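Report on the following structure.
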Amino acid sequence: MADFLVIVESPAKAKTIERYLGKKYKVRASLGHLRDLPRSQMGVDVENNYEPRYITIRGKGPILQDLKKEAKKAKKVFLAADPDREGEAIAWHLATALGIDQTSDCRVVFNEITKDAIKESFKHPRKIDMDLVDAQQARRILDRLVGYSISPLLWKKVKKGLSAGRVQSVALRLVIDRENEIKSFEPEEYWSITGEFEKAKKTFEAQFYGNTKEKMKLHNEADVKAVMSSMTGKDFTVNRVVKKERKRNPSPSFTTSSLQQEAARKLNYRAKKTMMLAQQLYEGISVGKEGITGLITYMRTDSTRISDTAKKDTIDFIVENYGEQYVTQKVAAKQSAKSQDAHEAVRPTSVMRTPESMKSILSRDLYRLYKLIWDRFVASQMSPAVLDTVMAELQNGEAVFRANGSQVKFPGFMKLYIEGTDDQKEEKDNILPEMAEGDVVKAIEVTPNQHFTQPPPRFTEARLVRTLEELGIGRPSTYAPTLDTIQKRGYVTLDAKRFIPTELGEIVHQLVLEFFPDILNIEFTAKMEHDLDTVEEGEIDWRSIIDAFYVEFEKNVEVAEEEMEKVQIKDEPVGEDCELCGSPMVYKLGRYGKFMACSNFPECRNTKAIVKHIGVKCPTCKEGEIVERKSKKRRIFYGCERYPECEFVSWDKPIERPCPKCNELLVEKKVKKGVQINCTNCDYKEEVQ
1 MADFLVIVES PAKAKTIERY LGKKYKVRAS LGHLRDLPRS QMGVDVENNY EPRYITIRGK
61 GPILQDLKKE AKKAKKVFLA ADPDREGEAI AWHLATALGI DQTSDCRVVF NEITKDAIKE
121 SFKHPRKIDM DLVDAQQARR ILDRLVGYSI SPLLWKKVKK GLSAGRVQSV ALRLVIDREN
181 EIKSFEPEEY WSITGEFEKA KKTFEAQFYG NTKEKMKLHN EADVKAVMSS MTGKDFTVNR
241 VVKKERKRNP SPSFTTSSLQ QEAARKLNYR AKKTMMLAQQ LYEGISVGKE GITGLITYMR
301 TDSTRISDTA KKDTIDFIVE NYGEQYVTQK VAAKQSAKSQ DAHEAVRPTS VMRTPESMKS
361 ILSRDLYRLY KLIWDRFVAS QMSPAVLDTV MAELQNGEAV FRANGSQVKF PGFMKLYIEG
421 TDDQKEEKDN ILPEMAEGDV VKAIEVTPNQ HFTQPPPRFT EARLVRTLEE LGIGRPSTYA
481 PTLDTIQKRG YVTLDAKRFI PTELGEIVHQ LVLEFFPDIL NIEFTAKMEH DLDTVEEGEI
541 DWRSIIDAFY VEFEKNVEVA EEEMEKVQIK DEPVGEDCEL CGSPMVYKLG RYGKFMACSN
601 FPECRNTKAI VKHIGVKCPT CKEGEIVERK SKKRRIFYGC ERYPECEFVS WDKPIERPCP
661 KCNELLVEKK VKKGVQINCT NCDYKEEVQ
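Note that the UniProt record's numbering gives residue 571 to position 571 of the sequence shown, counting from 1, and the numbers run on in steps of one.
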């Protein structure tokens with residue numbers, strides 16, 4: 001019979017850990033939380049110092065009973081939930097339910113599921129960290145107070161099934177604010193002048209910079225003409241050459257946030273999918289003779305710290321496979337003792353398990369994510385790339401052009417991995433011919449180009465995660481569920497992988513903004529996030545933070561109860577009858593916006609999609625509006641609402657503003673790297689968004 005009981009969160013981990021620990025240990029899974037606040041009510045006694053009322057989660061009773069039986073038989077119980085706030089809270093709830101002394105050395109944490117890491121962690125059990133538990137409780141209770149106060153109001157005043165929360169409401173605000181910026185954006189004209197030059201039979205490009213005294217902006221065609229007329233002949237004198245050696249350092253290993261962003265950019269994975277795959281890699285994959293083994297460290301972290309052992313193994317690997325010149329000489333920045341104690345960056349548990357050696361074992365999706373994590377980690381321990389950069393200044397009269405060139409002198413980490421960018425631009429060598437001051441180069445062609453400033457791009461998942469992180473809103477574990485929630489509630493939709501707010505999202509946002517402005521105040525929410533972090537450091541009592549927030553919030557709830565008007569999303573008549581029963585058809589607001597339904601519901605359940613107007617006049621007949629339609633194969637196209645009188649159709653989506661160059665129709669063209677706005681009449685194009 002086993003002497004020791006170990007409780008982890010998932011059955012997959014339980015099997016692996018039991019194999020590592022041997023016969024004296026029995027490992028069982030709690031399947032996540034066993035106790036939580038009740039779903040049917042608030043569960044927080046605000047009159048009694050915000051005391052939470054925890055109950056056994058429905059369906060988890062039999063698991064708890066089994067664990068109690070096993071705990072009675074065991075000489076000692078170890079609680080080995082995940083190494084974060086949530087895991088610490090699960091351990092505390094288990095200790096409470098099973099009658100384990102939480103001040104005894106019952107808590108075991110490990111950052112990776114490998115034999116060495118597991119065995120080492122059981123040599124150093126500790127007591128439950130109540131600061132971590134209180135930090136989790138504070139967040140849980142605060143989110144419950146906000147959610148269970150505002151959500152019922154939205155159900156009464158708008159429709160059932162809606163919700164609001166600290167992080168999701170700010171995420172929705174960012175999407176709506178960006179949409180409003182785009183709508184109010186007015187493009188401004190500007191010009192550039194590009195010269196194609198030749199030196200020693202090699203051609204290169206240079207851009208107009210300004211005059212001999214300062215940099216100049218070209219606002220309009222008149223500015224361009226003034227520059228063009230100031231130049232005489234085709235000879236330009238090289239008046240300055242600046243050569244520099246520039247170093248480019250590798251990015252650090254992944255945090256949760258940077259992993260989600262890079263997986264979105266490079267692999268096209270949604271945040272939810274990235275976390276699901278990372279969980280599988282962490283909990284373990286069957287690896288030949290080794291059996292089930294965790295391939296990466298814990299995936300919820302905001303630390304970039306790397307253990308000394310992992311660092312040494314990786315440096316040995318780099319020396320052996322790339323050479324000593326590829327090893328970093330940089331000393332990693334120190335982090336706080338708190339983060340060093342608990343967290344490392346997301347990295348492979350063994351650098352020797354190369355992506356190539358894992359390819360036949362992993363599914364395509366798991367392999368691609370593992371390769372991304374492995375490449376980034378190994379590259380983070382490699383030497384900087386060295387680039388030779390050259391800037392040459394060319395002069396004709398008062399006009400000064402600048403040519404910039406760069407060339408990789410030593411690839412360093414770039415031999416293995418280069419971080420992605422939101423705009424998907426690829427870096428290429430731009431090699432200039434050898435030039436010296438006083439040389440003369442010939443201009444082959446000098447071309448003026450008209451441009452217009454672009455509206456800010458809509459948020460992709462990667463960009464929204466990065467923005468939330470930069471603003472200090474939410475934490476690693478909250479990004480994926482937050483993005484999932486605003487989509488599930490129907491507050492936003494995705495178009496070309498970019499967030500667009502729905503009519504329902506706008507309504508909910510407006511109500512929250514009017515009655516609960518603090519919830520949407522970015523500075524307020526970021527400060528609250530920081531205050532909650534101080535609980536984890538043991539610097540402040542969690543109840544005082546909640547009290548400071550709730551006193552004012554409760555007043556807002558009372559005002560909203562009295563003054564928030566019911567949003568009448570009326571069943572507007574469509575002006576046509578149901579083809580099934582003859583009753584009038586009406587417009588209704590559903591999860592994804594408005595649709596047509598029979599007014600004789602529920603006797604008749606006929607529904608139809610609305611012909612969607614996009615707010616653009618037909619460029620052919622100038623009378624009708626462009627509407628969105630679907631072909632027989634469900635492909636979206638655009639046509640005039642006056643069809644068949646007007647036969648205008650387009651696969652590309654027309655947009656409201658006209659071409660700034662010729663005043664004709666602009667359309668959104670879906671290209672490989674996003675959406676590009678093109679003119680249907682002239683050669684005007686905007687950068688890919």
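Cβ coordinates follow ideal geometry from the N, Cα and C atoms, glycine included. Note that this is a predicted model, so its numbers are computed, not measured.
Q: Kindly examine the ligand ZN and report whether one of its heavy atoms sits closer than 7 Å to the Cβ of aspartate 316.
A: In the structure on display, the ligand ZN does not appear, and there are no ligands present to speak of.
Q: Assess, as a yes-or-no matter, whether the stretch 475-484 is touched by the stretch 252-261 under the definition of 3 or more beta carbon pairs within less than 8 Å.
A: Yes, since at least three Cβ pairs between the stretch 252-261 and the stretch 475-484 fall closer than 8 Å, the two stretches touch.
Q) For the beta strand (DSSP E) that tyrosine 209 lies in, which residues bound it at each end? A) Walking along the sequence shown from the start, residue 209 turns up at place 209. Tyrosine 209 -> beta strand (DSSP E) spans 202-210.
Q | Collapsed DSSP secondary structure at glutamate 565 in the structure displayed | A | Residue 565 sits at position 565 when you count from the first residue of the sequence shown. Looking at glutamate 565 - three-state DSSP - the assignment turns out to be coil, as it is neither helix nor strand.
Q. If you drop the 5 nearest sequence neighbours on each side, which residues of the same chain put their C-beta closer than 6 Å to that of asparagine 396?
A. Working through the sequence shown from its first residue, we reach residue 396 at position 396. Taken in chain order, the residues that qualify are Met231, Phe236.
Q. So, using beta-carbon positions, are cysteine 578 and asparagine 600 closer together than 8 Å?
A. Reading the sequence shown from its first residue, position 578 is the one you call residue 578. Reading the sequence shown from its first residue, position 600 is the one you call residue 600. Yes, the Cβ-Cβ distance between cysteine 578 and asparagine 600 is below 8 Å.
Q. Thinking C-beta only, is arginine 402 closer than 8 Å to tyrosine 190?
A. The residue labelled residue 190 in the question sits at position 190 within the sequence shown. The residue labelled residue 402 in the question sits at position 402 within the sequence shown. Against a cut-off of 8 Å, the Cβ pair of arginine 402 and tyrosine 190 comes out as no contact.
Q. What alpha helix (DSSP H) runs, 4 residues minimum, are completely inside the stretch 511-557?
A. 517-520, 522-536, all fully within the stretch 511-557.
(Q) Would you call the stretch 379-387 in contact with the stretch 397-416, where contact means no fewer than 3 C-beta pairs closer than 8 Å? (A) In short, these stretches touch, since the Cβ pair count reaches three.
Q) alanine 12 by DSSP, collapsed to three states: which one? A) Here residue 12 corresponds to residue number 12 of the sequence shown, with the count starting at 1. Judged by DSSP in its simplified three-state form, alanine 12 adopts helix.
Q.
Just verifying my parser: in three-state terms, what is the DSSP assignment at asparagine 606?
A. For the purposes of this step, residue 606 is taken as residue 606 along the sequence shown, with counting starting at 1. Residue state, collapsed to three classes: coil.
Q: Output the boundary residues of the beta strand (DSSP E) element that contains aspartate 235.
A: Here the question's residue 235 lines up with position 235 in the sequence shown. For aspartate 235, the enclosing beta strand (DSSP E) begins and ends at 235-248.
Q) Which first and last residues belong to the alpha helix (DSSP H) in which methionine 228 is found? A) In the sequence shown, residue 228 corresponds to position 228, counting from 1. Methionine 228 -> alpha helix (DSSP H) spans 221-230.
Q: Report the rounded CA-to-CA distance for glycine 233 versus lysine 685, giving the unit in angstroms.
A: Along the sequence shown, read from residue 1 onward, the residue named residue 233 stands at position 233. Along the sequence shown, read from residue 1 onward, the residue named residue 685 stands at position 685. Cα-Cα distance, rounded: 31 Å.
Q: Please name the residue, chosen from Glu565, Gln65, Met585, Val688, that lies closest to glutamate 572 on a Cα-to-Cα basis.
A: Sequence index remark: in the sequence shown, residue 572 carries index 572 (1-based). Minimum Cα distance to glutamate 572 is reached at Met585.
Q: Between the Cα of proline 517 and those of Arg28, Val170, Ile614, Arg107, spot the shortest distance and give me the residue it belongs to.
A: In the sequence shown, residue 517 corresponds to position 517, counting from 1. Nearest to proline 517 by alpha-carbon distance, out of Arg28, Val170, Ile614, Arg107, is Val170.
Q) Thinking C-alpha only, which one of Gly575, Leu532, Ala560 is nearest valine 512? A) Here residue 512 is taken as the residue at index 512 of the sequence shown, counted from 1. Nearest C-alpha to valine 512: Ala560.
Q) Leaving out the 5 sequence neighbours to the left and right, which residues in its chain are closer than 6 Å to lysine 60 when beta-carbon positions are compared? A) Residue mapping note: residue 60 aligns to position 60 of the sequence shown, counting from 1. Taking lysine 60 as the centre and dropping the five residues before and after it, the same chain places the C-beta of Leu34 closer than 6 Å to its C-beta, in chain order.
Q.
Are the CB atoms of isoleucine 296 and proline 348 within a distance shorter than 8 Å?
A. On the sequence shown, position 348 is the one that residue 348 refers to. On the sequence shown, position 296 is the one that residue 296 refers to. The Cβ-Cβ distance between proline 348 and isoleucine 296 falls below 8 Å.
Q: State the Cα-Cα distance for the pair threonine 607 and leucine 580, rounded to the nearest angstrom.
A: Along the sequence shown, read from residue 1 onward, the residue named residue 607 stands at position 607. Along the sequence shown, read from residue 1 onward, the residue named residue 580 stands at position 580. If I take the Cα positions, the gap works out to 10 Å.
Q) Going straight from the alpha carbon of arginine 305 to that of aspartate 313, what length do you get? A) Numbered from 1 along the sequence shown, position 305 holds the residue referred to as residue 305. Numbered from 1 along the sequence shown, position 313 holds the residue referred to as residue 313. Each residue's alpha carbon lies about 15 Å from the other.
Q: Using three-state DSSP, classify histidine 93 as helix, strand or coil.
A: Counting from one through the sequence shown, the residue named residue 93 turns up at place 93. If DSSP states are grouped into helix, strand and coil, histidine 93 belongs with the helices.
Q) What are the partner residues of tyrosine 298, as DSSP defines its beta bridges? A) Position 298 of the sequence shown, counting from 1, holds the residue named residue 298. Its beta-bridge partners do not exist; DSSP assigns none.
**Q.** Residue of Ser40, Glu198, Asp116 minimising C-alpha distance to serine 151
**A.** Here the question's residue 151 lines up with position 151 in the sequence shown. The shortest Cα separation from serine 151 among Ser40, Glu198, Asp116 belongs to Ser40.
(Q) Taking the beta carbon of valine 649 as the centre, do at least 16 other beta carbons fall within 10 Å, making it buried, or is it exposed? (A) Numbered from 1 along the sequence shown, position 649 holds the residue referred to as residue 649. By the 10 Å Cβ count, valine 649 comes out exposed.
Q: Would you mind stating whether lysine 311 and glutamine 381 have Cβ atoms separated by less than 8 Å?
A: Sequence index remark: in the sequence shown, residue 311 carries index 311 (1-based). Sequence index remark: in the sequence shown, residue 381 carries index 381 (1-based). It is a contact, given that the beta carbons lie within the stated cut-off.
Q) Out of Val109, Leu532, Ile614, which has the shortest C-alpha to C-alpha gap to glycine 624? A) Working through the sequence shown from its first residue, we reach residue 624 at position 624. Minimum Cα distance to glycine 624 is reached at Ile614.
Q: Out of Val574, Ile473, Glu344, state which residue places its alpha-carbon closest to the alpha-carbon of alanine 609.
A: The residue you call residue 609 lines up with position 609 of the sequence shown. Checked all of Val574, Ile473, Glu344; the closest Cα to alanine 609 is Val574.
**Q.** Inter-residue Cα distance where the pair is valine 146 and arginine 139
**A.** Within the sequence shown, the letter at position 146 stands for residue 146. Within the sequence shown, the letter at position 139 stands for residue 139. Rounded to the nearest angstrom, the two C-alpha atoms are 11 Å apart.
Q.
By DSSP's criteria, serine 406 is part of a beta bridge. Which residues make up the other side?
A. Translated into the one-based positions of the sequence shown, residue 406 becomes position 406. Paired residues: Thr389, Asn430.
Q. Taking the C-alpha atoms as reference points, what is the distance between isoleucine 636 and lysine 653?
A. Sequence index remark: in the sequence shown, residue 636 carries index 636 (1-based). Sequence index remark: in the sequence shown, residue 653 carries index 653 (1-based). Straight across, the Cα-Cα distance linking isoleucine 636 with lysine 653 is about 9 Å.
(Q) If you follow the beta strand (DSSP E) that tyrosine 25 is in, where does it begin and where does it stop? (A) As a working note, residue 25 is residue 25 in the sequence shown. Where tyrosine 25 is concerned, the enclosing beta strand (DSSP E) stretches over 25-29.
Q: Could you tell me the distance, in whole angstroms, from the CA atom of alanine 74 to the CA atom of glutamine 137?
A: Looking up residue 74 in the sequence shown gives position 74. Looking up residue 137 in the sequence shown gives position 137. Straight-line spacing of the CA atoms in alanine 74 and glutamine 137 works out to 29 Å.
Q.
Which residue wins for smallest C-alpha separation from glycine 502, given the options Phe515, Ala496, Ile486?
A. By 1-based counting over the sequence shown, the position of residue 502 is 502. The sequence shown places threonine at residue 502, not glycine. Checking every option, the nearest Cα to that of threonine 502 belongs to Ile486.
Q.
Is it buried or exposed, isoleucine 444, if we count other Cβ atoms within 10 angstroms and call 16 or more buried?
A. Within the sequence shown, the letter at position 444 stands for residue 444. Exposed, because fewer than 16 other Cβ atoms sit within 10 Å of the Cβ of isoleucine 444.
Q) Looking only at C-alpha atoms, which of Pro11, Phe499, Gln207, Thr212 sits nearest to arginine 270? A) Taking the sequence shown and counting its residues from 1, the one referred to as residue 270 is at position 270. Closest by C-alpha distance to arginine 270, out of Pro11, Phe499, Gln207, Thr212, is Phe499.
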